[in-house]
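As given, the protein sequences belong to chains A and B, one line each in that order. Numbered according to our numbering, the first sequence spans residues 1 to 556. Numbered according to our numbering, the second sequence spans residues 1001 to 1556. Heads up, the beta-carbon is just placed ideally off N, CA and C, and yes, glycines get one too. Keep in mind the model is a prediction, meaning the values are calculated, not measured. Here the structure comes first, spelled out in structure tokens, and everything after it is commentary.
Number of protein chains: 2
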Amino acid sequence: MYTHKSGSERQTQRTQQSVSQGSESIQALLHLERNSGTPLYRQISQGMREAILSGALAEGSRLPTERALAQVLHVNRTTIMNAYHELSSEGLIEGHVGRGTLVKRSYVGQDEDYVDQEMPSWLFGLAAGEDAVLGEDARLLNEQVLTEEHAEYGEDGEQRNRTAVGKYAAQRAVISLAQSTPAADLLPVELVRTVVDAGLDRAREEALGFCPVEGAHNLRRTIAARMRQRGVNVDARNILVLSGSTQGLGLIGRFLLTSGDEVVVEVPTYLGAIQTMRALGARVIGIPVDREGMRVDLLESVLARRQPRFIYTLPTFQNPTGVVLSPERRRHLLQLSRRYQVPILEDDPYGELYFTADAPQPLKAQDTHGNVLYLSTYSKLLAPGLRVAWLAAPETVVERLALHKQVFDLNTNALGQWIVNEMLHRDEFELYLRTLRQSYKHKLELMLTAIQNYWPATVSIQPPTGGMHLWCRLPGTMRARALLREAAREQVTFVIGEPFHVDGGGHHYIRLSFAAVSDEEITAGIQRIGIAMQRLLTQQQPDNGQARPSERLPVI
Amino acid sequence: MYTHKSGSERQTQRTQQSVSQGSESIQALLHLERNSGTPLYRQISQGMREAILSGALAEGSRLPTERALAQVLHVNRTTIMNAYHELSSEGLIEGHVGRGTLVKRSYVGQDEDYVDQEMPSWLFGLAAGEDAVLGEDARLLNEQVLTEEHAEYGEDGEQRNRTAVGKYAAQRAVISLAQSTPAADLLPVELVRTVVDAGLDRAREEALGFCPVEGAHNLRRTIAARMRQRGVNVDARNILVLSGSTQGLGLIGRFLLTSGDEVVVEVPTYLGAIQTMRALGARVIGIPVDREGMRVDLLESVLARRQPRFIYTLPTFQNPTGVVLSPERRRHLLQLSRRYQVPILEDDPYGELYFTADAPQPLKAQDTHGNVLYLSTYSKLLAPGLRVAWLAAPETVVERLALHKQVFDLNTNALGQWIVNEMLHRDEFELYLRTLRQSYKHKLELMLTAIQNYWPATVSIQPPTGGMHLWCRLPGTMRARALLREAAREQVTFVIGEPFHVDGGGHHYIRLSFAAVSDEEITAGIQRIGIAMQRLLTQQQPDNGQARPSERLPVI
């Protein structure tokens, strides 16, 4: 049975993680049947996969060499090589020069010590508490992560950012392909002005007074109606209006999690979600994403042996990969959720930003058992400045979370709610949405063309059919961090893959956002990144050998 | 030394609270000096006060009778009577018919069990966690507390409230003196429309885009400048913009508190603050408020013997009493905070709503050591629907809390921040503020006149010099709950005193809000309450003896 571990126990566990797994202990985990019809390498990879996902093979532990394991199992070395290759391509194991093959770590520690000498004296002594840890964790993330959402301002009134990339972005002429925000010139300014002009006088109390914790009733009704159009069977009582998706993540996390509990996320996934869950003390289990979305086939071992509190997924136009979870996997995911009674938190900020004829349905549309908690926001569709998002969930969950919200937030700003509701009812709104979709589709196409023109063909890309992001696998062993440094010299920026990965991976990936930039910036930005890539590719020839020792290499 | 107690330990402690304190154990706590010049009753009350506030005399424990204690201490019974009388008037002890004299309880338990049969199955088993406790706590408060801020709506679109009073308020013709909100006809609708019309186009990204976690820089600067005008030495770096004061309370609570920690609050105090702190697992120590604000003289014993994490105070136009902390007590409070290194959380939603010539300064104006965290909001001054509040604090605290805010909220709505900032810079704003102050002053005077005309002279009131509330001591043994019931029959409502009291007191008090109601409603409302009072006073004559057994009576 799974038991909670305290911070110090976890610490101990972490320091022990480099323990070797002998060939015999691996053998004990496997039950090979030579006449089963399933190839032996498959049986081996399957057995080891389950052992890794269930924790029987600890993260960071060293696996036997191919030769040693082949000997003990009485199989060819090629069989083991194939099995390891499969596990490696799934992101479960990786090779380290000088250290052999290790089970990948999916948890990143948050037990850093921290003492700040500039604190008022009554703040001393708090450093060891949860809050100091959170502070440090968030601080580390801020340093690592290169996003637009963590800007701050100096006393001089000039914008400056905490992060290196932010700093570049604040300079003139820098092109940012990092920002996951709507295009400034598409912000519905006229719509907001019209709404305020036409209705504020009449709606003075609705728009400027207090409003219920659960959200303005009119807006809850409108959101429910719009969700029914997308196939989700909900009414106003199922809707909890939120001050942003982040608030929803926090409320659900506090509601479902105790520190030390486990949560399943996709690898890669939205970094803000990782941050919020880690701040609540959650241990995050990563399931890889491929071209059809989350590898739901890998999920069952986790659910069967561990007790994650919920499964966090972005099934539609996933952030950062842009992929859509396939219909078959959606069915399978819902089945698993039902069978193991683990709820799904569906995060769907981009679902309405589709570029093809068929509008995707939320996963929740197929949820007949109330196992999906659905989260979405108007920050991407209308304007981040309105700060209006929502949760669709069973009424009893809405009621419970509303109590939390009342105690820590009271309510979401009534003005934003009123404006959103008014906008959603105006004829101009559908036109506005169509324009938005066309514009983003056009920008994506521009970006793809520019990539074809200016980047080496060895970059691997799967063009998304909606959303705001393009996820790129860099050529060969090129590292995203190195490219970011070179790109900065060319006055262009983006987000590197690492912060989206709870397993420490993503070194060879970058995320480009095409929504917030102009046509000219897209072409110029891609061209500049292409120059940076070329420079790296040229440099890498002689440097290759020297750079290796500190890098992780693919297994085999 | 103080050590944290777990929930179950606390439970045990609570069930033991009716233990008697023998005269001998009291004697051991006292060191009487007959020739010291301090009267003996003073020495006794002083010794017992310190014992109560430091926890040496447990809450709820029974004190010896006057006769028994007098015998052991070799003093006159009158001496003990005087000492008990003093402690009783300070709210530290109270008499119960049939149970003697007890040390008042200042903690209210939150260990209620809770199981909800309508939950999805994956929610079972969570009932015992913190969240279920919070849920239950908040639910209990909602049932007990009669405020306007917890409204909810039914599927039928009709507003209904969770609370009895809310229900009355939703009916037509009911006059609510409960609502602590600005007057609807004074909401700055024109100002908002003008601001949006004149500037939204130019400020599209500032108003509708993402904004920094710490708040829009322009607004932070404006708020800092306005605070400097009120004598507080801060700049933009000291300002953290919040989505309401409640968020500030939650952030500070999470930052400074671990479950089981103690916090000092005033008795009575803002009930939302009690709710948020309790939800974080805080144990709340109450210090009585009199006509000059918090009894700071009683605070030192608490600070000397216990380790509260902070002192929560509303020094200016306190909610619910309306009192202003006297200059001398302000100095003393700051001294104690410095000496014992316990920070002060100053909550100041009403400071700018003064009715006299001299604008009160925040407590923080005299804070030379960065020990005051200052919290205020534009919900009362401008409009609740904007949901813009702020914290002024040492920069290091702002930075730490911003990390928390980022993880759980990301940022406050940019549109509201931009509107507030624009409004604060317009010439119309000062005029608007003057109108607001004059209007509320006028409404208060109307209310006082009506009280003189329609209420028995035995009601005790101290008219405030600012804010939104009038705090009333009902005649004799009249209970607020009984009056609320009678008043509901007359179609008028208000907030009873109990929820503002962490010590279980307040039975004979009610809070009237004069801001949100019209002149006519004020006069009619007071008249109706007067009728309800008369009915109760007439009923009480014969009932007196019967009603007693379940009531707490003043000591002696």
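Open item on the list: How far does the beta strand (DSSP E) with PRO288 of chain A in it extend, from its first residue to its last?
Closed with: 283–290
Task: Neighbourhood of LEU251 of chain A by C-beta, 7 Å cutoff - its chain only, sequence neighbours within 5 removed - done: LEU401, HIS404, LYS405
Open item on the list: Tell me which residue opens and which closes the alpha helix (DSSP H) that ASP197 of chain A is part of.
Closed with: 189–199
TODO: Can you check DSSP and say which residues form a bridge with GLY1100 of chain B?
DONE: B:HIS1096
Open item on the list: So, with DSSP's three-state summary, where would you put MET1294 of chain B?
Closed with: strand
TODO: Could you have a look at GLU90 of chain A and say whether DSSP puts it in helix, strand or coil?
DONE: coil
Open item on the list: Looking at chain A, is there any beta carbon in it that lies within less than 9 Å of the beta carbon of ASN1453 of chain B?
Closed with: no
Open item on the list: Among the candidates B:ASN1076, B:LEU1073, B:LEU1069, B:HIS1074, whose CA atom is the shortest distance from the CA of THR1101 of chain B?
Closed with: B:LEU1069
TODO: Go ahead and pull the three-state DSSP assignment for LEU1536 of chain B.
DONE: helix
Open item on the list: What does DSSP give as the partner residue(s) for GLY260 of chain A in the beta ladder?
Closed with: According to DSSP, which records beta bridges pairwise, GLY260 of chain A is partnered with nothing at all.
Task: Extent of the continuous beta strand (DSSP E) run through SER25 of chain A - done: Segment 23–29 is the alpha helix (DSSP H) holding SER25 of chain A; no beta strand (DSSP E) there.
Open item on the list: Just verifying my parser: in three-state terms, what is the DSSP assignment at ARG1062 of chain B?
Closed with: strand
Open item on the list: If I measure Cβ to Cβ from LEU483 of chain A and keep anything under 7 Å in the same chain, skipping five residues before and after, which residues do I get?
Closed with: LEU474, ILE510, ALA532, MET533, LEU536
Open item on the list: Please list the terminal residues of the continuous alpha helix (DSSP H) segment that includes ARG1426 of chain B.
Closed with: Run containing ARG1426 of chain B: none; DSSP gives neither H nor E here.
- [ ] With DSSP as the reference, label VAL323 of chain A as helix, strand or coil.
- [x] coil
Task: Classification of HIS501 of chain A by the beta-carbon crowding that lies within 10 angstroms, buried from 16 upward - done: buried
TODO: Compile a chain-ordered list of the residues in the stretch 181–192 of chain A whose CB is closer than 9 Å to at least one CB of chain B.
DONE: THR181, PRO182, ALA184, ASP185, LEU187, PRO188, VAL189, GLU190, VAL192
Task: Bridge partners - ALA1482 of chain B, DSSP secondary structure assignment - done: Paired residues: none, contrary to the question.
Task: With 16 other Cβ atoms within 10 Å as the buried cut-off, status of LEU431 of chain A - done: exposed
Open item on the list: Once the 5 residues before and after THR1538 of chain B are set aside, which same chain residues still bring their CB inside 7 Å of it?
Closed with: none
Open item on the list: Quick test of your reading: LEU386 of chain A and TYR374 of chain A, contact by CB under 8 Å. State the CB separation rounded to the nearest angstrom.
Closed with: That belief does not hold up - the Cβ atoms of LEU386 of chain A and TYR374 of chain A are roughly 19 Å apart, past 8 Å.
Open item on the list: Looking at VAL323 of chain A: is its Cβ nearer than 9 Å to the Cβ of GLN462 of chain A?
Closed with: yes
Task: Within chain A, partners of ALA1304 of chain B - CB distance below 9 Å - done: Ordered by position in chain A, no residue passes the 9 Å Cβ test against ALA1304 of chain B, which lies about 16 Å from the chain.
- [ ] Taking 9 Å as the cut-off, decide whether the C-beta atoms of ASP358 of chain A and LYS443 of chain A are in contact.
- [x] no
Task: Separation of GLN179 of chain A from PHE494 of chain A, as counted between CA atoms - done: 8 Å
Open item on the list: By the three-class DSSP mapping on this structure, what secondary structure does GLY1037 of chain B have?
Closed with: coil
- [ ] Could you pull the start and end residues of the beta strand (DSSP E) that ARG473 of chain A belongs to?
- [x] 469–473
Task: Proximal chain B residues relative to ARG426 of chain A, where beta-carbon distance stays under 8 Å - done: Correct list: empty, because the minimum Cβ distance to chain B is about 16 Å.
Task: Inter-residue CB distance, GLN1361 of chain B and LEU1334 of chain B (contact presumed, cutoff 8 Å) - done: 12 Å between Cβ atoms; not a contact.
Open item on the list: Helix, strand or coil, according to DSSP, for GLU152 of chain A in the structure here?
Closed with: Confidence in GLU152 of chain A is poor, its pLDDT being 30 and thus under 50, which makes the residue's placement unreliable; the coordinate value appears in the next sentence. Strand at GLU152 of chain A.
Task: Straight-line Cα distance separating LEU391 of chain A from MET1048 of chain B - done: 53 Å
TODO: Answer yes or no: do SER1061 of chain B and SER1088 of chain B have a C-beta to C-beta separation smaller than 9 Å?
DONE: no
Task: Own chain partners of GLU1300 of chain B with C-beta closer than 7 Å, once the 5 adjacent residues on each side are dropped - done: LEU1336
Open item on the list: Quick check on ASP1519 of chain B: does DSSP put it in helix, strand or coil?
Closed with: helix
- [ ] Report the residue from A:ASN233, A:PRO182, A:GLY22, A:ALA203 whose alpha carbon sits nearest the alpha carbon of LEU57 of chain A.
- [x] A:GLY22
Task: Contact residues within the stretch 1240–1252 of chain B, judged by C-beta distance below 9 Å to chain A - done: SER1243, GLY1244, SER1245, THR1246, GLN1247, LEU1249, GLY1250, LEU1251
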